[in-house]
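Everything below concerns the one structure shown next.
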Amino acid sequence: MKLSVNGVPHEVEADPATPLLYVLRNDLKLNGAKFGCGLGQCGACTVMVDGKAVFSCLTPVMLVEGRQIKTVEGLGTLDEPGPMQAAFIEEQAAQCGYCIAGMMMRAQALLEAKPDAGDADIRQALEPNLCRCGTHMRILRAVARARDKMRSTSAASSGTTGRAS
Amino acid sequence: MNAPDFPDVTRRGFLAGAGALVVSFTIPVHAQEAANPAPAPAKPLALPGSLADTPLLDAWIRIDADGSITVFTGKAELGQGTKTSLRQIAAEELEIEPAAIRLITADTALTPDEGYTAGSQTIQNSGTAIRYASAQVRQILVAKASEKLGVPVEQLKAQAGKVVGPGGVVVGYGALVAVDFLHVNAAADTWLKAPETYHAIGKPFARVDIPAKVTGGEAFVQDMRLPGMVHARVVRPPSYAAKLTGFNEVAVKAMPGVVAMVHDGDFLAVVARQEFQAVKAMRALAMTATWQEQAALPDQDQIPAFLEKSVAKVGIVTSVGADTMPGARTIEAQFTRAYQMHGSIGPSSAVAIVDNGLTTVWTHTQGVYPDRKAIAQMLDVPPEKVRCIHAEGSGCYGHNGADDAAADAALIAQALPGTPVRVQWMRDQEHLWEPYGPAMLTRTSATLDDKGSIVSWHYDLWSNNHGTRPGSAGSLIAGRLMAKHFAPDPAKLQISPLGNGDRNAIPLYDVPNQRVNWHFVADMPVRVSALRGLGAYCNVFSIESFMDELALAANADRVEYRLRHLNDARARKVIEVAAEKFGWSNDPMPEGRGRGFAFAKYKNHAAYLAIALEADVDRDSGAIAISHVVCAVDCGEAVAPDSIVNQTEGGILQSLSWTLYEAVHFDDTRILSADWSAYPILRFSAVPDSLEVHVVDNPGSPYLGVAEAAQGPTAGAIANAFRHATGKRIHDLPYTRERVKAVLGV
Chain H
1 MKLSVNGVPH EVEADPATPL LYVLRNDLKL NGAKFGCGLG QCGACTVMVD
51 GKAVFSCLTP VMLVEGRQIK TVEGLGTLDE PGPMQAAFIE EQAAQCGYCI
101 AGMMMRAQAL LEAKPDAGDA DIRQALEPNL CRCGTHMRIL RAVARARDKM
151 RSTSAASSGT TGRAS
Chain S
166 MNAPDFPDVT RRGFLAGAGA LVVSFTIPVH AQEAANPAPA PAKPLALPGS
216 LADTPLLDAW IRIDADGSIT VFTGKAELGQ GTKTSLRQIA AEELEIEPAA
266 IRLITADTAL TPDEGYTAGS QTIQNSGTAI RYASAQVRQI LVAKASEKLG
316 VPVEQLKAQA GKVVGPGGVV VGYGALVAVD FLHVNAAADT WLKAPETYHA
366 IGKPFARVDI PAKVTGGEAF VQDMRLPGMV HARVVRPPSY AAKLTGFNEV
416 AVKAMPGVVA MVHDGDFLAV VARQEFQAVK AMRALAMTAT WQEQAALPDQ
466 DQIPAFLEKS VAKVGIVTSV GADTMPGART IEAQFTRAYQ MHGSIGPSSA
516 VAIVDNGLTT VWTHTQGVYP DRKAIAQMLD VPPEKVRCIH AEGSGCYGHN
566 GADDAAADAA LIAQALPGTP VRVQWMRDQE HLWEPYGPAM LTRTSATLDD
616 KGSIVSWHYD LWSNNHGTRP GSAGSLIAGR LMAKHFAPDP AKLQISPLGN
666 GDRNAIPLYD VPNQRVNWHF VADMPVRVSA LRGLGAYCNV FSIESFMDEL
716 ALAANADRVE YRLRHLNDAR ARKVIEVAAE KFGWSNDPMP EGRGRGFAFA
766 KYKNHAAYLA IALEADVDRD SGAIAISHVV CAVDCGEAVA PDSIVNQTEG
816 GILQSLSWTL YEAVHFDDTR ILSADWSAYP ILRFSAVPDS LEVHVVDNPG
866 SPYLGVAEAA QGPTAGAIAN AFRHATGKRI HDLPYTRERV KAVLGV
């Protein structure tokens, strides 16, 4: 089975009914998506498929063959964190951190679809994801900060394009 | 049932008799470094913090010849940020940067035994020990440098990992290392640095664990992948006491990838090469397993009656002054709290391997040493044949499934020597089998004089023990289920300064005549243990709800009424700060909106916390929305201010969730709250618009545990805001929509 994860093609051997989550975590050794409920109730497993946030615990791997899968590992690295990751670090938006990667992926999907998302949009978008430590205020601030970072980056890059043309 | 008996030990008596215990947690003024240090006291002082149990300096700190420094703590990172704050503390006294420290946390082979990481005591106990040990190590290094350089100690100082002196003389820490030079006992009179010289304590340092957690690094025990590791799943009985009557072993063993099945009494597990294979085998095994169940749970609609009729013993928590006092009027109330869940987002997990007779378990337990003891007893081996290493898990907020998952992994791994076994609980297993925070019943009665001041206070609480941690093998699910059927430890009533079900049962308010009793319920038909705050959550909810009723009866402002009964200056301060920042007033509010206030000093000896908030009550739906929250907290010297804010914000939102939504449901046989739809918790739509936490810092004063301080006051403030908004009081937790509508007559 051919999978594209974070822009990298992979060939995996798995029962087609296997939830994407187990393939990401075990076959591809990606830690970002977490097992939380296996029921689509908590969002700890959230990843992006073709730009949309999905519960990887409920999604059989056969349904995502040939689609673009993105996990938190695809947002940046320890040395070069992407805007969403940098925003969460700057806001210190984690306690235990178990739910955080899922939060970031749902927020990323929102901001890619709606770069000017307002604070109410962010709140609404994150509704499917649970945090038990009570880090909600910081998560909301971090996503708003990521939005502002992404906006200024895209403004800067469109500015550059403007000068070049 | 035995008649209740009254032990003659009271909390106040205990406190008075154990004054040194309390003092040992403090940083005495004379021990702080000052221009004119006070002479050493004639009597030896008790060693501070966890040094009392582990006095050798090299149990805490190691310096290698290359100058690298390793600090050891018996406490674990649970998401509170202690991997960062403990580094700050050590770095302060060792005169290095926090990032330069290698920190080893809870591991039975390497670190001190500091019991459980619980009760908001990491900074108070381990932090204090590391602080003193680091200060003494610095002094040893300076003394060694003095010998080596021939320069008097007074002319030398530690600075950035070196000892420096006049004329540019300098020697690095590494060059001062000698064999066993830190193998000495801690001294009680070590001088600590003065707050104005701090470079690490109280300064903003980013948490060291967050970068990995936001980039997909290996951060949790769930992320461990050892070579050759296999995946296990347990199959639990449908109810606590169910007996296994049959299952189809052959069919399950023949499933793809299955490498083992473990059957021991009522304990069942499957092991497969791949995780999803294990899940499928677990489902198949669960389908074929048959059980004999019995109805053993109390009526969930009659919990107060169950608690009242199950009292084994009555403990006197305090008894001060006269039993009754004449007054203008007496007011009474009764409050209850449902069984509530820890509800960790990541179900419990553990990895274990048996190698040459040694069972090593990576676990997110709060207590590696007690868990090791229980597992060793379960496996019938000496404790040294088990090693427990802490690896982070999802936030636990008390005794969740962590220890049990560790025991499952240890037991299953015995069937596959040499092979690492990873156990991952499923969602329903965590929901159904974790030990819940116990249900409680409280009754209060107070007499007011003609000015409205409280002259007499009676408080009675009914509760199980809130601590059934390992312990023994009988505290572990696997230990209970296996053929040996280890029995749970018998529940014992203990009245202690820390408190348990009686935590915060004594009001901090100045009341001359007090009676506080714990009606101890030993019988635990619903599995219970420590949930963040223990009894403090319900006791503070009850006391603070009641204080509002008394203020109303006295026709007093609710904040002023609290202050009227408080002489403690620090208590007054947090109340004043919270009220001022919130803009507390008695101005009229729109219909359905109310202000609430509450206060407590956690455990009556840890952090002071006051909270004010605004609630909107929607009559038609019964929904309560908390819009604005302001909190002030004083936890002594603030080591990591942002972590204090983070923990307090978290405590407030978690308590908001408990208070508005949470109750474990069950019928006469089975727990029914198997997932998040059956046990809803806070989601983003119900998060307040604003939440401010103000830290009242007290540099140089003792650390006061803070991480659990918000649980009770938040519930009290919500209750009081609801009362203010509607004119009605709800006495039972949680404040569900159904209850709201019932009390409003909708």
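Sequence order for the protein chains is H and S.
Going by this note's numbering, the first residue of the first sequence is number 1, and it counts up by one from there.
Going by this note's numbering, the first residue of the second sequence is number 166, and it counts up by one from there.
We treat Cβ as the ideally placed atom computed from N, Cα and C, and that holds for glycine.
Put simply, the CB of Leu306(S) is far from chain H, with every gap to its CB atoms at 8 Å or more. At a Cβ-Cβ threshold of 8 Å, Ala539(S) and Gly636(S) count as neighbours. Of all residues in the stretch 883-906 of chain S, none comes within less than 8 Å of chain H when Cβ atoms are compared.
In this structure Gly480(S) is buried. Its beta-carbon is surrounded by 16 or more other beta-carbon atoms within 10 angstroms. When secondary structure is reduced to three states using DSSP, Val852(S) falls in the coil class, being assigned neither helix nor strand. It is roughly 21 Å from the alpha-carbon of Val794(S) to the alpha-carbon of Arg735(S).
With fewer than 16 other CB atoms across the displayed protein chains lying within 10 angstroms of its CB, Thr410(S) is exposed. In the structure shown, His650(S) falls within a coil segment according to DSSP collapsed to helix, strand and coil. Taking a 10 Å sphere around the C-beta of Asn732(S), we find fewer than 16 other C-beta atoms and assign the residue as exposed. Proximity of Leu20(H) to chain S, defined by a Cβ-Cβ separation below 8 Å, is not satisfied.
Of the candidates Thr273(S), Thr235(S), Glu279(S) and Thr501(S), Thr235(S) places its Cα closest to the Cα of Val302(S). Judged by DSSP in its simplified three-state form, Ala777(S) adopts strand. In the displayed model, Lys538(S) falls within a helix according to three-state DSSP.
In summary, Ala325(S) is exposed, with fewer than 16 beta-carbon neighbours lying within 10 Å of its beta-carbon over all protein chains present. Straight-line measurement puts the Cα of Gly36(H) at about 27 Å from the Cα of Ala874(S).
By alpha-carbon distance to Arg296(S), the top candidate from Ser838(S), Val335(S), Lys358(S) and Phe831(S) is Lys358(S).
Close to Asp15(H), with beta-carbon spacing below 9 Å, are these residues of chain S in chain order: Pro421, Gln439, Phe441, Gln442 and Lys445. Around the beta carbon of His889(S), 16 or more other beta carbons lie within 10 angstroms, which makes this residue buried. Distance check between Leu28(H) and each of Leu58(H), Lys70(H) and Cys42(H) places Lys70(H) closest, using alpha-carbon atoms only. For the pair of segments examined, the stretch 884-900 of chain S was found to touch the stretch 708-728 of chain S: the number of CB pairs separated by less than 8 Å reaches three.
Under the three-state reduction of DSSP, Lys478(S) is assigned to strand. Residue state for Phe35(H) is assigned as coil, using DSSP reduced to three classes. Secondary structure of Trp823(S) (DSSP, three-state): helix. At a cut-off of 8 Å between C-beta atoms, Glu827(S) does not count as an interface residue with respect to chain H.
When C-alpha distances from Thr77(H) are compared across Phe370(S), Ala371(S), Val335(S) and Glu383(S), the shortest belongs to Glu383(S). In the three-state reduction of the DSSP assignment, Met712(S) falls in the helix class, which pools H, G and I. DSSP, read as helix, strand or coil, puts Arg894(S) in coil. Close partners of Glu11(H) in chain S (Cβ separation under 8 Å) are lacking, with about 16 Å as the shortest Cβ gap.
Judged by pairs of C-beta atoms under 8 Å, the stretch 610-619 of chain S touches the stretch 484-503 of chain S, as three or more such pairs exist. Under the DSSP assignment, Lys322(S) falls in the beta strand (DSSP E) whose first and last residues are Lys322 to Gln324. DSSP lists Val526(S) and Val586(S) as the bridge partner or partners of Ala517(S). Three or more pairs of CB atoms, one per stretch, sit closer than 8 Å, so the stretch 620-633 of chain S contacts the stretch 594-608 of chain S. Boundaries of the alpha helix (DSSP H) harbouring Phe747(S): Ala734 to Phe747, taken from the DSSP string. As computed with DSSP, Trp627(S) is found in a beta bridge with Leu606(S) and His684(S). Beta-bridge partners of Lys52(H) (DSSP): Val49(H).
For His428(S), the uninterrupted beta strand (DSSP E) segment begins and ends at Val423 to Asp429.
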